[in-house]
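Novice: So the sequences go chain by chain: U and S.
Count along the first sequence from 1, add 396, and you get the number used in this note's numbering.
Count along the second sequence from 1, add 30, and you get the number used in this note's numbering.
Once you've had a glance at the structure underneath, I'll fire off some questions.
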Amino acid sequence: MSSREQFAGWLIRHAVLVLILFVIACVGIGYFIKDFRINASADTLLTRNNQLYIQSQVISQRFSPQEFILLAYEPKDHELFSHKTFAHLTEISDKLRQLERVDAVTSILNVPLLLAMDSLQTDLNPDDWTWQSQAYSEDKMQEIFTDHPLYEDLLVNQQQSATAIQILFKEDPELGELDRQIIAIQKQALSGELSEEQKQQVEELKARAEPLQQALTRQRAQEIEKIYQLVAPYEKDANIYLGGAHVLGYQLIKIIEQDLKLFGTGIALFIGVMLYLVFRRWQFVLLPMACCGASVLLTMGLFGLLGFKTTVISSNFIALQLILTLAVCIHLIVHYRQLAKGGGESDHKSLIRQTFADKVTPCFYAGLTTSVGFASLLISNIQPVVSFGWMMIVAMAVSISVSLLLFPTLVSLFPPKSAEPGRSLLAPLLNGCLAASSHHKVLIVIVTLMITLAGGLGLARLDVENSFLNYFRESTQIRKELTYIDQQFGGSTPLDIVYRIPESERKQDLVLSAQTVQTLQKIQHLLNQYEAVGDVTSVFNFTELAKKINQGQPLTEYELNSLYELLDKSLRDRLLGSYLAVDNQQLRISTRIQDSTEGLNRAEFLQSLKTYMEKQGIAPGQIELTNLFVLYQDILSRLYKSQVQTLGVVYVALALVLLLLFRSLRLALIALLPNVLCTLLILGIMGWLAIPLDLMTITIAAIAMGIAVDDTIHFVHHYKEHVKDKGPVQAGEQTFHTVGYALLYTSIIITLGFATLCLSDFVPSIYFGLLTGLTMMLALLADLTLLPALLMRFVKKA
Amino acid sequence: MDVLTDPLKTKRWPLTAPWMLLVLILSVGCASHTPPVDPDVTPQQPSANDKVVVVTPQGTDTLEPTVVGYSEPHYEDPLEGFNRAMFGFNDVAYRYVLIPVARGYNHLPSPIRTGVSNFFSNIREPWNSVNHALQGEGKLAGRNLGRFLVNSTLGLLGLFDPATHWFELKPAKSTLGEALAHHEVGYGAFLVLPFIGQTDFRSGFSTFTESTFTPLEALTDRPQTGYWQIFNGYQQAVPSLLKYEELKAQSEDPYLYFRNQYLQNLLRDQQYKKQAESADE
């Protein structure tokens, strides 16, 4: 009796004990599900601690723009500038102000309308110049907001069909202070290495900030829900849209939660039905599902315990895990049934022992290869993808132990009635594949290569463009809302251009020289030439406004300076603080990029922007581009490289695992080939279908490869076991009739399982589901045609 | 705009004739003693007063600037020595006399201050009309006369401004200096006068002429006319006086700050016109 059989025997004898241990583990670890967190803020998609990120943080702190949400109000049947609109805005603003964290609510009703002034004044109280205090007529309001240098695209859209309320939030003082301390330390990393002590300090500060951050995230979600509630009564008269980074985050969390639930239950139910259809025994439905449930429970508990946060990228780990646990179970079931069919008299327990002994090695290696697929993500250099890799390695460890330990135990406790496996509908398919691979080996190889070549040409068309808006299915409400704000109110993704005033432009006694303002003017004019650039605001807009008030006559730099010096300090900070850092001699031009712009090539845009800024005579050293847009772009720019690296690692690592398993270079290479071709083909198909590489889709090839190679292992393992005494033709035939079924069942169930991800509102999940499913099907096809053809041709002896 | 950024600008600061003459002679006398400005000493900075040219992917665009600046070669200040001395004198006068009084004046109820300001604005409408006529602005010249008639009668000697509020005849000011500038008479040189502050020869001449021949003479006799004129100049300067110290505090060389501010406004006014003035009606 082999050691594997002995272990299986031990498992069966102590089945109750094993079961109890698993129950205890599930309860013990499952308890930590309370710490399971979803974090979908845009921040989670960023790579932290890199230079760009720290720079962005430093800039953002220097100019400290406030957190805000935009609420757009689009009247259905009444004029925008009308009594009714003003009344609604007043009511909505009053209600919003009552929210605890709201600092200010800005709308067309309470912004200072300085254009109503006859001439520039410095002793002005801006609150005297609002609709609220002056009750300007509707016509006057319309006149003021037409082509307003500051408020167009921000408070009123260009067509004047809608107006926006800006809801500004207070900073949490404690969290803000912690963040400042963290950045103060990290800033030093920009010029040199951090000492160990400093690194530790940062970690400590981060640990202190973490609970505050979580509380804030929760509070934000509640606020957004409340805002949706309080605007509901106005929706019969006007369309109301919410936008802003945190609304996006909130909606993503909602979708992830919904997906987790939907696919947690949906896939489970679906799998149950499939299992029943194939195996027709309740044990083979409920027991695998119990194993799946236990896996998910343990994994979520472990994530809570280890502090892994589920992000947008990792949101479908439940679906993945259900499918992977199931795959192992199916292989065990199929083998068990075949033994039962062929073995005749053997009793239930020795059947289980035999199944375990035969299958533990390929199953374990199959799990290992899948893990290798995930592990390859660790070198992607993209933080959210790396953490997804770690999470799935943990999940795989759980899946393997549950399906190899708990499942046999459960089956031994609840023996299924033996049943003659019915003649499968799939038999002709298998026979066809068998015939083809034994008689037309060369043809198969040629056809495969041609298909791969044709598909592979699509590789050249692979693109990395992506926008957040495209993450939401087109039909969803949130997609409509975010797109509306994006198009009508100046874009979504912030891009900051920070201009350091060169020595040559500075003038004694002047905060800003005319030259500097004109440089800003040039940059802004340039920015406005790009279709994708939405709202653009800087100190320049204020000078534009001043010129307008000054009856179209430009100001002199001294006038501007006197105006600046004479303004009340607090008003100055309020108006200009986020655009001008006098101490650092830096100016910030704040823009938002319209994500919904058709055919926007982000890399090209940034490059062109840089080139043309240089053409204005602005030295590259004077300019710093920061904020989310740049950070995302940085990630996108690394996607190609990451994709190549991860795939390279997967190929090499899997070759090693296969070599370890089969102890034959020839076998290892034969097993690897179909899978390599499949991954190249799938990337090519993505290219042909113009599905862009993004944070989520770059994981597909590596993961799919890890999963698909499982089938190959089972097939090759079985063939290798039998080729020594039966010869290639018979061994191939037998492998087809045993493992072939398991392959078909698992692949079909896995594919259909992945296909259910189509129901998600989250587009990357849809792609992920469809493409992984497609890879599985392609791999199956290759495993049933190319693989046996190669095996029968090149592997005639063990 | 005047009030805001031309602190102590004195285009219309009234003078009695002897005063003005004395000052003019004095300042011209000083001119020869002023050493020429050495271009190597003051750092040269290009002016930023022309169109802004932007190269974009769609082509080259030319924009009108929102803020303009001029630099050293544009500034005519041959009397710097005299001017600095006067500036020093004024500084003391402002700080110890004129500003404290201005603060007091500023406490008067605003209707009174507005009435006073209206009255003096109305008195100079004939001059506005003449100056507009000299620049070929017939419509504006007519409007000035219209305003004068309406405000002098319905507006109770100009204390109120029904011309603006009832007849929509908006104010349109013009000085002799502007008329001269229109005919390309240069400003001569920068000049600081005692009490009056920053001015230039052209503007000085304008103020001198306008205050010598004033409709005020129809209401008062000399020397009372002169006292009224001084009061007029003062009440106009009050807003600027109140800002003087704050602006002075933030500049390293207050003389240069106020001089450059004055000259830049002057140069800018020559180069860029307000849209409303010519385009209106």
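Idealized CB from N, CA, C, for every residue including glycine.
1) Would you verify that the beta carbon of G995 (chain U) is, or is not, closer than 8 Å to some beta carbon of chain S?
2) Closest by CA to S767 (chain U), which one among U:Y926, U:G785 and U:K755?
3) Between G948 (chain U) and chain C, is there a C-beta pair that is closer than 8 Å?
4) Excluding the 5 residues preceding and the 5 following I897 (chain U) in the sequence, name in chain order all residues of the same chain whose CB lies nearer than 6 Å to its CB.
5) Along the alpha helix (DSSP H) that carries R604 (chain U), what are the first and last residues, could you check?
6) Taking the beta strand (DSSP E) that Q982 (chain U) belongs to, which residues open and close that run?
7) Can you find a C-beta in chain U that's less than 8 Å from the C-beta of S281 (chain S)?
8) Put S57 (chain S) into one of helix, strand or coil per three-state DSSP.
9) For F288 (chain S), which residues from the same chain have a beta carbon less than 6 Å from its beta carbon, with the 5 sequence-adjacent residues on both sides left out?
10) Taking the alpha-carbon of M1092 (chain U) as reference, which of U:A664, U:V708 and U:F432 has the nearest alpha-carbon?
11) Would you decide whether R173 (chain S) is buried or exposed? Buried here means 16 or more other CB atoms lie within 10 Å of its CB.
12) Helix, strand or coil: how does DSSP classify P471 (chain U) here?
13) Within a Cβ cutoff of 8 Å, which residues of the same chain sit near I840 (chain U), ignoring the five residues on either side of it in sequence?
14) By the three-class DSSP mapping on this structure, what secondary structure does S308 (chain S) have?
15) Does the structure place the region 1116-1125 of chain U close enough to the region 631-647 of chain U that three or more beta carbon pairs sit under 8 Å?
16) Can you check the region 169-216 of chain S for any alpha helix (DSSP H) of at least 4 residues that lies completely inside it and give the ranges in chain order?
17) When burial is assigned at 16 or more other CB atoms within 10 Å of the CB, is L1085 (chain U) buried or exposed?
18) Taking 6 Å as the limit between beta carbons, can you name the residues of its chain near G700 (chain U), skipping five residues before and five after?
19) Find out if the Cβ-Cβ distance for the pair L698 (chain U), C422 (chain U) is shorter than 8 Å.
20) List, from N- to C-terminal side, the beta strand (DSSP E) runs of 3 residues or more that fit wholly inside the region 77-111 of chain S.
21) Where does D514 (chain U) land, buried or exposed, given buried means 16+ other C-beta within 10 angstroms?
22) Per DSSP, what kind of secondary structure is P890 (chain U) in: helix, strand or coil?
23) So, is V790 (chain U) buried or exposed, given that buried needs 16 or more other C-beta atoms within 10 angstroms?
24) Could you say which of U:I1081, U:I714, U:V894 and U:K705 lies nearest to R1269 (chain U) if we only look at CA atoms?
25) So does the region 1099-1117 of chain U actually touch the region 754-769 of chain U, counting three or more Cβ pairs closer than 8 Å?
26) Express the C-alpha separation of A123 (chain S) and L56 (chain S) in angstroms, rounding to a whole number.
27) Going by C-alpha distance, which of U:L683, U:L1155, U:T1152 and U:D1179 is nearest V1135 (chain U)?
28) Give me the Cα-Cα distance between L93 (chain S) and I504 (chain U), rounded to the nearest whole angstrom.
29) What separation, rounded to the nearest whole angstrom, lies between the Cα atoms of A977 (chain U) and N924 (chain U)?
30) Report the option in U:I465, U:Q402, U:F403 and U:N712 whose CA atom is closest to the CA atom of C1154 (chain U).
31) Under 7 Å Cβ to Cβ from H727 (chain U), same chain only, skipping five residues before and after it: list those, please.
32) Can you tell me whether S399 (chain U) is buried or exposed, with buried defined as 16 or more other CB within 10 angstroms of its CB?
33) Taking only beta-carbon atoms, is F1001 (chain U) less than 8 Å away from chain S?
34) Please list, in chain order, all residues of the same chain as I872 (chain U) whose beta carbon is under 8 Å from its beta carbon, the five residues on each side excluded.
35) Any beta carbon of chain U sitting closer than 8 Å to that of K304 (chain S)?
36) Work out the CA separation of T194 (chain S) and Q200 (chain S) for me, nearest whole Å.
Specialist: If we stick to the structure as given:
1) Not one chain S Cβ lies under 8 Å of G995 (chain U).
2) U:G785
3) In summary, chain C is missing from the structure at hand, where the protein chains are U and S.
4) If we look at I897 (chain U) and ignore the five residues flanking it on each side, its Cβ neighbours are T912 and Q981.
5) E592 to V627
6) Q982 to I989
7) yes
8) Annotation note: pLDDT 42 at S57 (chain S) (below 50); position unreliable, no value reported.
9) In the same chain as F288 (chain S), and ignoring 5 residues on each side of it, the C-beta atoms closer than 6 Å to its own belong to Q228, in chain order.
10) U:V708
11) Residue environment analysis places R173 (chain S) among the buried positions, since at least 16 neighbouring C-beta atoms fall within 10 angstroms of its C-beta.
12) Strand, per DSSP.
13) The beta carbon of I840 (chain U) sits closer than 8 Å to those of A832, S833, T1181, L1182 and A1185, all from its chain and outside the five residues before and after it, given in chain order.
14) With a pLDDT of only 43 at S308 (chain S), under the threshold of 50, the placement of this residue in the model should not be trusted, and no figure is reported.
15) The region 631-647 of chain U, when compared against the region 1116-1125 of chain U, does not touch it at the 8 Å Cβ threshold.
16) 192-195 and 206-212
17) exposed
18) F428, I429, D431 and F432
19) no
20) 82-86 and 89-93
21) That one is exposed.
22) strand
23) Looking at its Cβ environment, which holds 16 or more other Cβ atoms inside 10 Å, V790 (chain U) is buried.
24) Residue 1269 (chain U) is absent from the model: chain U starts at 397 and stops at 1194.
25) With a cut-off of 8 Å on Cβ pairs, the region 1099-1117 of chain U is in contact with the region 754-769 of chain U, counting three or more such pairs.
26) Unreliable positioning characterises L56 (chain S) in this predicted model, as indicated by a pLDDT of 41, which lies under 50. The coordinate reading is nonetheless provided below. Answer to the nearest angstrom: the Cα atoms are 19 Å apart.
27) U:D1179
28) 29 Å
29) 24 Å
30) U:N712
31) K755, C759, H1110, A1138 and T1142
32) exposed
33) With 8 Å as the cut-off, F1001 (chain U) does not count as an interface residue toward chain S.
34) For the record, residue 872 (chain U) in the displayed sequence is Thr; it is not Ile. D1157.
35) K304 (chain S) counts as touching chain U.
36) The amino acid at residue 200 (chain S) is misidentified as Gln; the sequence shows Lys. Cα to Cα, the separation comes out at about 5 Å.
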